[in-house]
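Enquirer: Residue numbers (this note's numbering): 144 to 306. Think of the CB as a built atom: it goes at the ideal place given N, C-alpha and C, for glycine as much as any other residue.
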């Protein structure tokens, strides 16, 4: 991004014009709008991801919940106890807050299509983080098994020298 170059002569003329206008009793010109990047960011509607899930998401998502042999959505009432769920729901909240401001006409449609639908499908899938939970039962998450990577493998990665 380049910084605009100001013309000292143009600034002097503008200052002189403003001063002459004040002496003549003219109202001062309106202050220029601050650049977009200097404007205060709008306050979020929801103060955190928990408020977003509790006060918004739980009310707008209408799906049949799995219970016993009936098919339905796998959901965990302790969603915050699943690391993948926290990460995905946090991302959903931030995307919702951003799109409601940046694209008030179609942002919510984009949010449903590009954000909620894929994340909700992953969270509630047969092999998703809520697969062993239901609306009345939470099952502790089990992390994936991991073995340390050999140093010679890590040395070939582009960011090997950053560590």
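(1) Quick check on this structure: which residue in 187, 238, 195 and 194 has the alpha carbon closest to the alpha carbon of residue 251?
(2) For residue 244, which option in 288, 292 and 185 has the closest C-alpha, if you only look at C-alpha atoms?
(3) Determine the burial state of residue 298: buried for a count of at least 16 other Cβ atoms within 10 Å of its Cβ, exposed for fewer.
(4) How should residue 289 be labelled, buried or exposed, when 16 other C-beta atoms within 10 angstroms of its C-beta is the threshold for buried?
(5) What's the call for residue 225, buried or exposed, on a 16-neighbour Cβ count within 10 Å?
(6) For residue 284 and residue 222, what's the separation of their Cα atoms in angstroms?
(7) Quick one: is residue 268 buried, meaning 16 or more other Cβ sit within 10 Å of its Cβ, or exposed?
(8) Following the continuous alpha helix (DSSP H) through residue 241, name the residue where it begins and the one where it ends.
(9) Helix, strand or coil, according to DSSP, for residue 252 in the structure here?
(10) Where do the ends of the alpha helix (DSSP H) carrying residue 265 lie?
(11) To the nearest angstrom, report how far apart residue 296 and residue 198 are at their CA atoms.
(12) Using 8 Å as the threshold, is the C-beta distance between residue 258 and residue 235 below it?
(13) Considering residue 294, what are the terminal residues of the alpha helix (DSSP H) in which it resides?
Expert: So, from the data block:
(1) The candidate whose alpha carbon is nearest that of residue 251 is 238.
(2) 185
(3) exposed
(4) exposed
(5) buried
(6) 10 Å
(7) exposed
(8) Its alpha helix (DSSP H) spans residues 226-245.
(9) helix
(10) 260-267
(11) 46 Å
(12) Result yes, Cβ atoms of residue 258 and residue 235 sit closer than 8 Å.
(13) 294-297
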